[in-house]
Amino acid sequence: MSDDAYTPDRLLEFLRESPKQGLLNPAVARSRASAVEALFVELTDQEKADIRSIDLEKLCARLHKIQGSSIRPEVVTLYKTRAQEALTDYVAWLGDPKSFSSIGAHSLRRDKRGFGSEQENAQEAKALEETALAVSDRRKDLIAVPLREGVTVYVTHLPLDLTGKEAAKISRVIQALANEAGREDASVQEATGGDPDRQG
Numbered sequence: 003m004s005d006d007a008y009t010p011d012r013l014l015e016f017l018r019e020s021p022k023q024g025l026l027n028p029a030v031a032r033s034r035a036s037a038v039e040a041l042f043v044e045l046t047d048q049e050k051a052d053i054r055s056i057d058l059e060k061l062c063a064r065l066h067k068i069q070g071s072s073i074r075p076e077v078v079t080l081y082k083t084r085a086q087e088a089l090t091d092y093v094a095w096l097g098d099p100k101s102f103s104s105i106g107a108h109s110l111r112r113d114k115r116g117f118g119s120e121q122e123n124a125q126e127a128k129a130l131e132e133t134a135l136a137v138s139d140r141r142k143d144l145i146a147v148p149l150r151e152g153v154t155v156y157v158t159h160l161p162l163d164l165t166g167k168e169a170a171k172i173s174r175v176i177q178a179l180a181n182e183a184g185r186e187d188a189s190v191q192e193a194t195g196g197d198p199d200r201q202g
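Here my numbering = 1-based position in the sequence shown + 2.
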């Protein structure tokens, strides 16, 4: 096998063509291609010349360092998983195209279910992605703030590099909401003489 088979372009070509050959579910192939394209923008020259030299841990670390809080850690993790599956399947296919089978059992299921529609395949992949991100969000990106008995507020999507000034800004917005609610309560009490049942 020539070395030019192990380039990013050839990997992406495989991901584009594999659904036509029944090797991969179309939605899975597209999601892997998206992950590869997102991660591979940070490849070194050596990695571009031979994708077998890619260390995905280091690649993801470079991506996160450069993009910082603009990309969530759980998204990078999802990209890493998909890129790893793409690389593993591609190398396996190059080694033995005739007996190739996707490691994630993501080939088109001709035997039991037949061909799913394009829409069904896309919905399946989207559901899997949303589930993965939702689970990760609950574990890593959801901050519970107990207010009083039976009342808890959840804060999410805070940037990793949140500054004290930015935190104070968020606090002022919440305080403004509380002040507005207080003014409305006072107006109601004034209009009803302290008896809410007298409204209208």
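Even glycine gets a Cβ: it sits at the ideal position worked out from N, Cα and C.
Item, Value
"Sub-7 Å separation of residue 82 and residue 58 beta-carbons", "yes"
"Proximity winner among 38, 26 and 65, relative to residue 53 (alpha-carbon distances)", "38"
"Residue 111 versus residue 28: straight-line alpha-carbon distance, rounded", "Note that residue 111 scores a pLDDT of 45, beneath 50, so its modelled location is shaky and nothing firm can be said."
"Reduced DSSP category for residue 58 - H, G, I as helix; E, B as strand; rest coil", "helix"
"Assumed close pair residue 17, residue 35 - CB separation to whole angstroms, cut-off 8 Å", "4 Å"
"Local conformation of residue 176 per DSSP, three classes", "helix"
"Residue 6 to residue 77 span [Cα, whole Å]", "30 Å"
"Beta-ladder partner(s) of residue 148, from DSSP", "154"
"Assigned secondary structure, residue 17 (DSSP; H/G/I helix, E/B strand, else coil)", "helix"
"Contact check, residue 10 vs residue 42, beta carbons under 7 Å", "yes"
"For residue 168 and residue 49, the rounded distance between their alpha carbons", "39 Å"
"Coil, strand or helix - residue 140 by DSSP", "Unreliable positioning characterises residue 140 in this predicted model, as indicated by a pLDDT of 43, which lies under 50. The coordinate reading is nonetheless provided below. Correct three-state label for residue 140: helix."
"Own chain partners of residue 64 with C-beta closer than 7 Å, once the 5 adjacent residues on each side are dropped", "44"
"Alpha-carbon spacing of residue 164 relative to residue 80, whole angstroms", "23 Å"
"Secondary structure of residue 163, DSSP reduced to three states", "coil"
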